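Comments concern the structure below.
Protein chains: 2
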Amino acid sequence: MSDPTGDEPGFALPLLLFAGFRTLIDRLHAELAAQGHPDLRPAHGFALQAIGRAGATASELGRRLGVSKQAAGKTADRLEALGYVERVDDSHDARRKVVRLTPRGVDALVRSAQIFEELRAEWAAALGAQRLRDMEAGLRAMTPGNFFRLDAPGWFTG
Amino acid sequence: MSDPTGDEPGFALPLLLFAGFRTLIDRLHAELAAQGHPDLRPAHGFALQAIGRAGATASELGRRLGVSKQAAGKTADRLEALGYVERVDDSHDARRKVVRLTPRGVDALVRSAQIFEELRAEWAAALGAQRLRDMEAGLRAMTPGNFFRLDAPGWFTG
DNA sequence: TAGAATCGTCAATGTGGTTGTCGAAAAGGT
DNA sequence: ACCTTTTCGACAACCACATTGACGATTCTA
Numbered sequence: 718m719s720d721p722t723g724d725e726p727g728f729a730l731p732l733l734l735f736a737g738f739r740t741l742i743d744r745l746h747a748e749l750a751a752q753g754h755p756d757l758r759p760a761h762g763f764a765l766q767a768i769g770r771a772g773a774t775a776s777e778l779g780r781r782l783g784v785s786k787q788a789a790g791k792t793a794d795r796l797e798a799l800g801y802v803e804r805v806d807d808s809h810d811a812r813r814k815v816v817r818l819t820p821r822g823v824d825a826l827v828r829s830a831q832i833f834e835e836l837r838a839e840w841a842a843a844l845g846a847q848r849l850r851d852m853e854a855g856l857r858a859m860t861p862g863n864f865f866r867l868d869a870p871g872w873f874t875g
Numbered sequence: 718m719s720d721p722t723g724d725e726p727g728f729a730l731p732l733l734l735f736a737g738f739r740t741l742i743d744r745l746h747a748e749l750a751a752q753g754h755p756d757l758r759p760a761h762g763f764a765l766q767a768i769g770r771a772g773a774t775a776s777e778l779g780r781r782l783g784v785s786k787q788a789a790g791k792t793a794d795r796l797e798a799l800g801y802v803e804r805v806d807d808s809h810d811a812r813r814k815v816v817r818l819t820p821r822g823v824d825a826l827v828r829s830a831q832i833f834e835e836l837r838a839e840w841a842a843a844l845g846a847q848r849l850r851d852m853e854a855g856l857r858a859m860t861p862g863n864f865f866r867l868d869a870p871g872w873f874t875g
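Protein chains in written order, with this note's numbering: chain A, 718 to 875; chain B, 718 to 875.
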């Protein structure tokens with residue numbers, strides 16, 4: 718209004734991006750809670766995604782999440798206590814213990830994917846499909862390409 | 718709906734938003750570190766912003782950040798140890814101890830604002846000023862209005 | 001086969017968050 | 001003025017999530 722260009726101040730951009738992220742994640746977990754997964758936290762969702770249907774060892778999980786193997790092991794402990802993963806001995810390597818999704822873990826993953834599709838459809842309906850694609854394309858252009866490294870936790874506090 | 722248009726999968730949207738946020742914050746702190754503030758972490762930046770030039774009590778800071786007054790007090794302790802804030806007694810209210818920015822704290826805030834402007838200018842140059850404004854407008858439309866509540870930490874883990 | 005790398009775990013520590021409690025000080029109602 | 005309620009800052013205990021360093025056991029490799 719008073720700004721002749723109408724530009725947002727610079728500090729608003731990261732805040733808006735975070736607000737968008739947070740809004741989506743909050744809605745995801747509200748839905749997951751309503752669908753039988755009330756104990757799942759955002760950090761757990763990232764870990765489940767990183768484990769994947771093929772499973773992973775604690776060390777591998779740590780590499781995928783960008784954290785130490787010890788931290789990954791503790792996260793696996795918590796997910797195990799919540800019933801989302803189980804540990805199985807590897808018959809080919811006595812050192813390895815594979816963290817594998819339980820049926821409950823798979824269910825959470827399937828539902829998450831479904832909910833994300835619905836949320837994206839909401840955004841597409843509100844903004845227009847093309848505007849949403851533009852936004853995604855713009856973000857993809859401004860972020861490091863192989864940014865499917867899910868390492869949110871711990872990064873904030875250092 | 719199928720996607721003959723090559724739409725992004727739904728789960729990519731939050732990841733892209735987070736990647737954008739993280740990219741900006743990482744660049745901010747790389748710059749801050751180069752400009753004499755290597756110990757400042759993302760969480761600290763949020764707290765400094767919430768304290769502001771007018772200062773705030775621990776309780777008020779807690780309300781602004783959406784955390785308990787105890788947590789806010791600990792964060793103030795940490796910032797005090799790093800030399801970014803100081804505590805002064807309130808002459809009108811013997812209970813209150815106002816957390817106020819030191820010159821170093823003000824310097825960090827000023828530099829942060831400057832860096833954010835530069836980063837936004839980079840995005841505007843790469844995407845086009847209008848596309849960036851569209852992105853910001855879209856995000857503003859999809860996020861709760863008064864989202865200047867800086868409560869990132871703790872939210873993730875619950 | 002000896003040496004190096006990897007796996008999972010234990011231990012100690014740092015940071016940031018949460019309740020609950022408490023005394024001191026301010027504010028409010030009668 | 002007095003008593004009650006609220007607010008403030010602090011302390012204590014605890015939890016979540018990360019770190020580094022060390023360790024025995026196992027596997028890979030030169």
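By construction, the Cβ of each residue, glycine as well, lies at the ideal position given by its N, Cα and C atoms. In this text, all values refer to a predicted model and were calculated from it rather than measured experimentally.
Does the distance from the C-beta atom of residue i to that of residue j stay below 7 Å?
{"i": "R817 of chain A", "j": "V805 of chain A", "result": "yes"}
{"i": "E853 of chain A", "j": "E725 of chain B", "result": "yes"}
{"i": "F738 of chain A", "j": "P759 of chain B", "result": "no"}
{"i": "P731 of chain B", "j": "I742 of chain A", "result": "yes"}
{"i": "R821 of chain A", "j": "G800 of chain A", "result": "yes"}
{"i": "G762 of chain B", "j": "A775 of chain B", "result": "no"}
{"i": "G769 of chain A", "j": "V815 of chain A", "result": "no"}
{"i": "E839 of chain B", "j": "T819 of chain B", "result": "no"}
{"i": "L734 of chain B", "j": "L757 of chain A", "result": "no"}
Any Cβ of chain B within less than 7 Å of the Cβ of residue i?
{"i": "L856 of chain A", "result": "yes"}
{"i": "T792 of chain A", "result": "no"}
{"i": "L734 of chain A", "result": "yes"}
{"i": "P731 of chain A", "result": "yes"}
{"i": "E853 of chain A", "result": "yes"}
{"i": "E748 of chain A", "result": "no"}
{"i": "I742 of chain A", "result": "yes"}
{"i": "A788 of chain A", "result": "no"}
{"i": "P759 of chain A", "result": "yes"}
{"i": "F763 of chain A", "result": "no"}
{"i": "G769 of chain A", "result": "no"}
{"i": "E797 of chain A", "result": "no"}
{"i": "R821 of chain A", "result": "no"}
{"i": "S719 of chain A", "result": "Below a pLDDT of 50, predicted positions are generally treated as unreliable, and S719 of chain A, at 45, falls in that range; no measurement from the model is reported."}
{"i": "G737 of chain A", "result": "yes"}
{"i": "R828 of chain A", "result": "no"}
What is the residue span of the beta strand (DSSP E) that residue i lies within?
{"i": "A811 of chain B", "result": "D810 to L818"}
Based on DSSP bridge pairs, tell me the residues matched to residue i.
{"i": "D806 of chain A", "result": "A:K814"}
{"i": "A773 of chain B", "result": "B:V816"}
Along the alpha helix (DSSP H) that carries residue i, what are the first and last residues, could you check?
{"i": "L741 of chain A", "result": "A729 to A751"}
{"i": "R848 of chain B", "result": "A846 to M859"}
{"i": "A794 of chain B", "result": "Correcting the residue type first, residue 794 of chain B is Asp in the shown sequence and not Ala. K786 to A798 is the span of the alpha helix (DSSP H), which, as asked, contains D794 of chain B."}
{"i": "H761 of chain A", "result": "P759 to I768"}
Can you confirm whether residue i, when its beta carbon is compared against all beta carbons of chain A, has any partner nearer than 7 Å?
{"i": "T860 of chain B", "result": "yes"}
{"i": "E803 of chain B", "result": "no"}
{"i": "A751 of chain B", "result": "no"}
{"i": "R837 of chain B", "result": "yes"}
{"i": "E834 of chain B", "result": "yes"}
{"i": "G800 of chain B", "result": "no"}
{"i": "L844 of chain B", "result": "yes"}
{"i": "R781 of chain B", "result": "no"}
{"i": "E725 of chain B", "result": "yes"}
{"i": "R848 of chain B", "result": "yes"}
For the putative contact between residue i and residue j, defined by C-beta atoms under 8 Å, what is the C-beta separation to the nearest angstrom?
{"i": "L836 of chain A", "j": "G862 of chain B", "result": "Not quite, the Cβ-Cβ distance comes to about 19 Å (not below 8 Å), so this is no contact."}
{"i": "T860 of chain B", "j": "A736 of chain A", "result": "4 Å"}
{"i": "S829 of chain A", "j": "L745 of chain A", "result": "6 Å"}
{"i": "R848 of chain B", "j": "G855 of chain A", "result": "6 Å"}
{"i": "A793 of chain B", "j": "L778 of chain B", "result": "7 Å"}
{"i": "A764 of chain B", "j": "L782 of chain B", "result": "7 Å"}
{"i": "Q766 of chain B", "j": "L826 of chain B", "result": "7 Å"}
{"i": "D851 of chain B", "j": "D851 of chain A", "result": "7 Å"}
Taking 6 Å as the line, does the beta carbon of residue i fall inside it for any heavy atom of the ligand SAM?
{"i": "L749 of chain B", "result": "Among the ligands in the structure shown, none appear at all, so the ligand SAM cannot be discussed."}
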